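Okay, structure first, notes after.
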């Protein structure tokens, strides 16, 4: 989780990613950020996020994103 928080903080240092649960809903991160996040996750965790998983629910919080990573690692 710490590596993910570092990825997110590097994009938007002003955001408290530990508590924010509305990253997409409140437009804190946009589509360009999501592309960057996906690439960084691929590099850091060696998982590929399939297109069908690129939905707001999976990107609204660091916690949801980490759960997605864990789920993909198990597959």
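Residue numbers (the UniProt record's numbering): 1 to 75.
All C-beta atoms in this analysis are idealised placements derived from N, C-alpha and C, irrespective of residue type, glycine included.
Because the structure is a prediction, the values reported are computed rather than measured.
task: Below 7 Å CB to CB, which residues in the same chain sit around residue 47 once its five sequence neighbours on both sides are set aside?
output: Here residue 47 refers to the residue found at position 47 when the chain shown is read from its first residue. Cβ within range, chain order: 41, 69, 72 and 73.
task: Decide if residue 55 is buried, meaning its Cβ has at least 16 other Cβ atoms within 10 Å, or exposed.
output: Against the chain shown, residue 55 aligns to sequence position 55. The residue is exposed, with fewer than 16 neighbouring Cβ atoms inside 10 Å.
- prompt: In whole angstroms, what is the alpha-carbon distance linking residue 59 and residue 2?
  reply: Counting from one through the chain shown, the residue named residue 59 turns up at place 59. Counting from one through the chain shown, the residue named residue 2 turns up at place 2. Their backbone Cα atoms lie some 16 Å apart in a straight line.
- request: Please state whether DSSP places residue 61 in a helix, a strand or coil.
  value: The residue you call residue 61 lines up with position 61 of the chain shown. Residue state, collapsed to three classes: coil.
- request: Look at the alpha carbon of residue 67 and the alpha carbon of residue 14, and state the distance between them as a whole number of angstroms.
  value: On the chain shown, residue 67 is found 67 positions in, with the first residue counted as 1. On the chain shown, residue 14 is found 14 positions in, with the first residue counted as 1. Rounded to whole angstroms, residue 67 to residue 14 spans 23 Å at the Cα level.
task: Assign residue 32 to one of two classes, buried (16 or more other C-beta atoms within 10 Å of its C-beta) or exposed (fewer than that).
output: Taking the first residue of the chain shown as position 1, residue 32 is located at position 32. Flag for residue 32 reads exposed.
- request: To the nearest angstrom, report how far apart residue 19 and residue 61 are at their CA atoms.
  value: Position 19 of the chain shown, counted from the first residue, corresponds to residue 19. Position 61 of the chain shown, counted from the first residue, corresponds to residue 61. Each residue's Cα considered, the two are about 8 Å apart.
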